Amino acid sequence: MFGLEALELARIQFAFTVSFHILFPAITIGLASYLAVLEGLLLKTGDNTYRDLYHFWSKIFAVNFGMGVVSGLVMAYQFGTNWSQFSDFAGSITGPLLTYEVLTAFFLEAGFLGVMLFGWNRVGRGLHFFATCMVALGTLVSTFWILASNSWMQTPQGYEIVNGQVIPVDWFAVIFNPSFPYRLMHMATAAFVATAFFVGASAAWHLLRGRDNPAVRKMLSMAMWMALVVAPIQAVIGDFHGLNTLKHQPVKIAAIEGHWENKPGEPTPLILFGIPDMQAETTRFKIEIPALGSLILTHSLDKQVPAMKDFPPEDRPNSTIVFWSFRVMVGLGMLMIFVGLWSLWLRKRGTLYSSRPFLYLTLWMGPSGLIAILAGWFTTEIGRQPWVVYGLMRTADGVSNHSYAQLGFTLVMFVVVYFALFGTGLGYMMRLVRKGPKTGEGDEHTPGGPGQKRTPARPLSAADEGHEADSSSLSKGN
Amino acid sequence: MGIDLPLIWAVIIIFGVMMYVVMDGFDLGIGMLFPFVQDERDRDVMMNTVAPVWDGNETWLVLGGAALFGAFPLAYSVVLEALYLPLILMLVGLIFRGVAFEFRFKARANRRHIWDKAFIWGSLVATFFQGVALGAFIEGFKVVDRKFVGGTLDWLTPFTVFSGLGLIVAYTLLGCTWLIMKTEGPLQQKMHDMARPLALVLLVVIGIVSLWTPIAYPQIAERWFSMPNLIWFMPVPILVLVTFYGLLRAVARNAHYTPFLLTLVLIFLGYSGLGISLWPNIIPPSISIWDAAAPPQSQGFMLVGTLFILPFILGYTYWSYYVFRGKVTHEDGYH
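The listed protein sequences correspond, in order, to chains Y and S.
Taking the UniProt record's numbering, the leading residue of the first sequence gets 1, the next gets one more, and so forth.
Taking the UniProt record's numbering, the leading residue of the second sequence gets 1, the next gets one more, and so forth.
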């Protein structure tokens, strides 16, 4: 029992540090592509609104990138410190994939990021645009590697086991494992949608304060086109991802649906709400729609979906959690689609920028994408349990042998430190958002960067406002 | 055929750790020198001497961790599990310090002291536990059946505490001589006054480690004192003494660049001495780089990308230092 508690603490600790970390890369991925689009539109149309928006968002991008690097430092060590048996077992596959992810990120930082953040007035417009595109591409390549690693843990192939160790046999099969294409698409799209809602909420905030200008309007408009077009696409990708999971991890789907047993000859219902009870092997207080489960998951009205009781208890993930985390994700996704449709209607009526109920909803939907990403990851990772590498190694066998006290101590420390530090970082990002886009910012000479003597090229120094400024007392640090 | 992948990877990782120690060493040292400098403007200068480069320095630490995971998963799992607490504390120290670096310059004047403290304590904690981890690494790990079987606090011994304190001295001297090189005026004078005592303390530390390790670990004694090794390795301690002599002379004649360069030589020699003591074990006392290696498919696959990207990272590193060469004054604001 004590061992179980330590295992749980190790899982909570890893979940905590990785959940904090993923928020930053998600915004990095989305903003990098957004910036590339903004700059592309600027070059195409010559409309300076795009330039103002580019400069506004590139500062927020820089701070966010910096936070991602600092929180990522911990992740490079957490596999070994918390999951040493897993690391030894699967390190020859997940290790190289992680190395490629890290190398890609550093390659970016070493090259194009500096040009992108500091090179506006120093390199040609075409070259600068190229650098921005490379940064956007690089964030996606980094995503590619880390998701290859995670997907391999979900649906492993291309390996053999020799002396209790995983050995890669075919790297192509390892990387392009069955769940990888779906997971990659789902996560990259999630990053785009989450960023669109973050951008949209910023615009709504300014509009609600009466700061109505072309740049703010453009922000809202672009974000809402994204919501309208990409949120439904994401739902379709999610559906395909779900079918893929049904094929390779049926018990995960059964847990997500809170679906315990099939009655002979009857199609599977869809449980809308309920409270799955792992001990009693049932879902309490459920509201269900007959046959809808079969329709969604098998696209037929007679085939049954595998149920929890088809699997031995020791192989079942915790349905109580994934049932709800999945519904949080899907619910937020539906809300996003709704916001997109509402925006279209308001756009037709010409009140997109002035409807206060709509702007308030958009403001509150600001973190929705990030929450949905976390909920989605909780679903897929907790749904993978009790396995760390699906079907090959149980999480309980992968954990390091640390005491309860030790893990408890470090967990509390991580919680305190992360909230203090990244809380400050997020606060600083919010301050930058609050300032809003300024006209003609690109004409100023941005300090720093490649080719300049004695100026910094670190991402965070690209944003030079004080983080708790009532700027009068701001020091010469600027 | 014929390519010794574990050897190549060991060289890459040893090189990476060396890069990290050399480059992050002096900026951790600056954090630990902060309490000795009260003047706000001087503190700004101290931070500004490393502000443009510190995050690149930590690149090597992340890369080292990931590369160890992929190339030597056994070492990654055993060493990281055994050193759980010191490593976590080191990482927390490093992130504290990293964020302090950025936010100190952006904070209101009356809040700045908070980030000053975060910077000082972050540097101190990170350095101490790095030294503890190093000491524990020398002491070795109990491994049975590819599993670490030692206790939670095996890493806490008089020797590891001593090596933690020793690394604080070493990094502080690095930071001190770095500042002699990068600053001028009263701040430089102050660092100049501190260099000699620091160097003498470091000499004592190195002396104690050089006696302690062979006495406590027969394997290490045999490595150094058996023939013909003794003759081959003799230059290392001799060079250490010569370098110390040069360092003290350089400080005495008020040189600006030589003290830092000679301190780097010292660190390099100490690192080589460590390598001689432990080679070819990646999990002391008995698991070698070949025992702990990932299969060639893994090491080969990683090598392709690493050899492609490493030159870019090295080029970028060189370029950042080149751009920021020369003295830093009160007038330079990097933020």
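Yeah, the Cβ is synthetic: ideal placement off N, Cα and C, and Gly gets one too.
It should be emphasised that the depicted structure is a prediction, and the values quoted were computed from it without experimental measurement.
Does the Cβ of residue i have 16 or more other Cβ atoms within 10 Å, making it buried, or fewer, making it exposed?
i, result
"asparagine 121 of chain Y", "exposed"
"histidine 21 of chain Y", "buried"
"proline 357 of chain Y", "exposed"
"glycine 210 of chain Y", "exposed"
"glutamine 279 of chain Y", "exposed"
"phenylalanine 285 of chain Y", "exposed"
"alanine 420 of chain Y", "exposed"
"phenylalanine 2 of chain Y", "With a pLDDT of only 48 at phenylalanine 2 of chain Y, under 50, the local geometry of the prediction cannot be trusted, and no value is derived from it."
"valine 339 of chain Y", "buried"
"leucine 153 of chain S", "exposed"
"tyrosine 159 of chain Y", "buried"
"lysine 142 of chain S", "exposed"
"tryptophan 115 of chain S", "buried"
"leucine 241 of chain S", "exposed"
"glutamine 38 of chain S", "exposed"
"tryptophan 232 of chain S", "exposed"
Which residues in the same chain have their Cβ closer than 7 Å to the Cβ of residue i, if we skip the five residues on either side of it in sequence?
i, result
"threonine 104 of chain Y", "Gly138, Val141, Ser142, Trp145"
"proline 25 of chain Y", "Gly68"
"alanine 215 of chain Y", "Thr49, Asp52, Leu53, Pro437"
"alanine 15 of chain Y", "none"
"glycine 366 of chain Y", "Phe197, Phe198, Ala201"
"leucine 43 of chain Y", "Arg125, Phe129"
"valine 17 of chain S", "Gly64"
"valine 135 of chain Y", "Ala32, Leu108, Phe112, Leu113, Met116"
"leucine 361 of chain Y", "Val339"
"leucine 374 of chain Y", "Ser19"
With a cut-off of 8 Å on the beta carbons, I'd call residue i and residue j a contact; round off their distance for me.
i, j, result
"threonine 245 of chain Y", "isoleucine 237 of chain Y", "Not confirmed; about 13 Å, so no contact."
"valine 205 of chain S", "glycine 164 of chain S", "With a Cβ gap of about 11 Å, valine 205 of chain S and glycine 164 of chain S do not count as contacting."
"aspartate 277 of chain Y", "proline 386 of chain Y", "At roughly 18 Å, the Cβ-Cβ gap does not stay under 8 Å, so aspartate 277 of chain Y and proline 386 of chain Y are not in contact."
"alanine 307 of chain Y", "histidine 259 of chain Y", "5 Å"
"alanine 203 of chain Y", "alanine 227 of chain Y", "Not really, about 12 Å apart at Cβ, beyond 8 Å."
"lysine 182 of chain S", "threonine 263 of chain S", "Lysine 182 of chain S to threonine 263 of chain S, Cβ: 13 Å. No contact."
"proline 52 of chain S", "isoleucine 180 of chain S", "At roughly 19 Å, the Cβ-Cβ gap does not stay under 8 Å, so proline 52 of chain S and isoleucine 180 of chain S are not in contact."
"arginine 97 of chain S", "arginine 104 of chain S", "So it is not a contact: roughly 10 Å between Cβ atoms."
"leucine 187 of chain S", "valine 45 of chain S", "6 Å"
"methionine 227 of chain S", "glycine 70 of chain S", "Between glycine 70 of chain S and methionine 227 of chain S the Cβ distance is about 39 Å, and since that is not below 8 Å, they are no contact."
Do residue i and residue j have their CB atoms nearer than 7 Å?
i, j, result
"phenylalanine 72 of chain S", "alanine 292 of chain S", "yes"
"glycine 376 of chain Y", "methionine 334 of chain Y", "no"
"tryptophan 54 of chain S", "phenylalanine 119 of chain S", "no"
"proline 168 of chain Y", "valine 389 of chain Y", "no"
"proline 295 of chain S", "serine 288 of chain S", "no"
"serine 368 of chain Y", "leucine 332 of chain Y", "yes"
"valine 322 of chain Y", "alanine 396 of chain Y", "no"
"serine 92 of chain Y", "serine 298 of chain S", "yes"
Please work out which residues of its chain come closer than 6 Å, Cβ to Cβ, to residue i, disregarding the five sequence neighbours upstream and downstream, and give them in chain order.
i, result
"phenylalanine 378 of chain Y", "Ser325"
"glycine 398 of chain Y", "Trp83, Gln85, Phe86, Val388"
"tyrosine 20 of chain S", "Trp60, Leu61"
"glycine 326 of chain S", "none"
Once the 5 residues before and after residue i are set aside, which same chain residues still bring their CB inside 8 Å of it?
i, result
"valine 433 of chain Y", "Ile60, Ser202, Trp205"
"valine 161 of chain S", "Val132, Gly135"
"leucine 124 of chain S", "Gly31, Met32, Gly93, Ile168"
"isoleucine 287 of chain Y", "Ile271, Leu272, Phe273, Gly274"
"valine 251 of chain Y", "Pro306, Met308, Asp310, Phe311, Asp315, Arg316, Pro317"
"leucine 370 of chain Y", "Leu23, Ala26, Ile27, Ala194, Phe198"
"arginine 384 of chain Y", "Met153, Gln154, Gln249, Lys252, Pro317, Tyr390"
Under a CB-based cut-off of 7 Å, is residue i close to chain A?
i, result
"phenylalanine 225 of chain S", "Of the chains in the structure shown, none is chain A; the protein chains are Y and S."
Chain S contacts made by the segment 166-194 of chain Y, where a contact means CB separation under 7 Å: Ile167, Pro168, Trp171
Short-range partners of chain Y found in the segment 301-323 of chain S, where Cβ spacing is below 7 Å: Phe301, Met302, Gly305, Thr306, Ile309, Phe312, Ile313, Tyr316, Ser320, Val323
The segment 93-105 of chain S: positions lying closer than 8 Å to chain Y by Cβ: Leu94, Ile95, Phe96, Gly98, Val99, Glu102, Phe103, Arg104, Phe105
Within 7 Å of chain Y by C-beta, residues of the segment 282-299 of chain S in sequence order: Ala294, Pro295, Gln297, Ser298
Chain-ordered residues of the segment 254-284 of chain S with a beta carbon less than 7 Å from chain Y: none
Residues of the segment 96-107 of chain Y whose Cβ lies closer than 7 Å to any Cβ of chain S, in chain order: Pro96, Leu98, Thr99, Tyr100, Val102, Leu103, Phe106, Phe107
Residues within the segment 123-137 of chain S neighbouring chain Y, beta-carbon criterion of under 9 Å: none
Residues within the segment 384-406 of chain Y neighbouring chain S, beta-carbon criterion of under 8 Å: Ser400, Asn401, His402, Ser403, Gln406
Where the segment 65-81 of chain Y meets chain S: residues whose CB sits under 8 Å from a CB there: Gly66, Val69, Val70, Ser71, Gly72, Leu73, Val74, Ala76, Tyr77, Phe79, Gly80, Thr81
Chain Y contacts from the segment 7-27 of chain S (Cβ-Cβ distance under 9 Å): none
Residues of the segment 411-422 of chain Y with Cβ closer than 7 Å to any Cβ of chain S, in chain order: Met413, Val417, Leu421
Near-chain S residues of the segment 20-31 of chain Y (beta-carbon distance less than 8 Å), N- to C-terminal order: none
Positions along the segment 82-95 of chain Y whose CB lies within less than 9 Å of some CB in chain S: Asn82, Trp83, Ser84, Gln85, Phe86, Ser87, Asp88, Phe89, Ala90, Gly91, Ser92, Ile93, Thr94, Gly95
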